[in-house]
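J.: Taking our numbering as reference, the numbering of the sequence shown is continuous, increasing by one, and the terminal residue is 79.
Got a structure for you, questions after.
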Amino acid sequence: MASVPPSVAQAIQDHVLDFERETKNNGNPPFYMRDLTAAVLAKVVAAPDSPGRILRMLKRQGFVDYRVEDRARSLYRFV
1 MASVPPSVAQ AIQDHVLDFE RETKNNGNPP FYMRDLTAAV LAKVVAAPDS
51 PGRILRMLKR QGFVDYRVED RARSLYRFV
């Protein structure tokens, strides 16, 4: 499996963090993974699963925190 080039990975990371900041600034409503994916892919060309993978990486590294509100519906909320 090929890895994402560092510049693309950094761009995705930046857009994921922007999405978190914007979501929290708008009352922190729950979001669907498709919302995050659409927001990031509107700004950078990447594989559809990359924003979710980067979000999970950022959580492991302690940069963001979220909880799964409904796994079957892929509904999340930042904490």
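The beta-carbon is built from N, C-alpha and C at its ideal position, and this holds for glycine as well.
Nothing here was measured: the structure is a model prediction, and the numbers come from that model.
Buried or exposed for S7, please, with buried defined as at least 16 other CB atoms from any protein chain shown within 10 angstroms of its CB.
T.: By one-based count along the sequence shown, residue 7 stands at place 7. Label assigned to S7: exposed.
J.: Kindly indicate which three-state DSSP category R67 falls into: helix, strand or coil?
T.: Locating residue 67 in the sequence shown gives position 67, counting from the first residue. In this structure, R67 counts as strand in the three-state DSSP scheme.
J.: Do the region 7-21 and the region 61-68 meet, that is, are 3 or more Cβ pairs less than 8 Å apart?
T.: yes
J.: Under three-state DSSP, which class holds R77?
T.: What you label residue 77 is simply residue 77 of the sequence shown in a count that begins at 1. Strand.
J.: Looking at the unbroken alpha helix (DSSP H) that takes in A11, where does it start and where does it end?
T.: Here the question's residue 11 lines up with position 11 in the sequence shown. Per DSSP, A11 belongs to the alpha helix (DSSP H) from 6-25.
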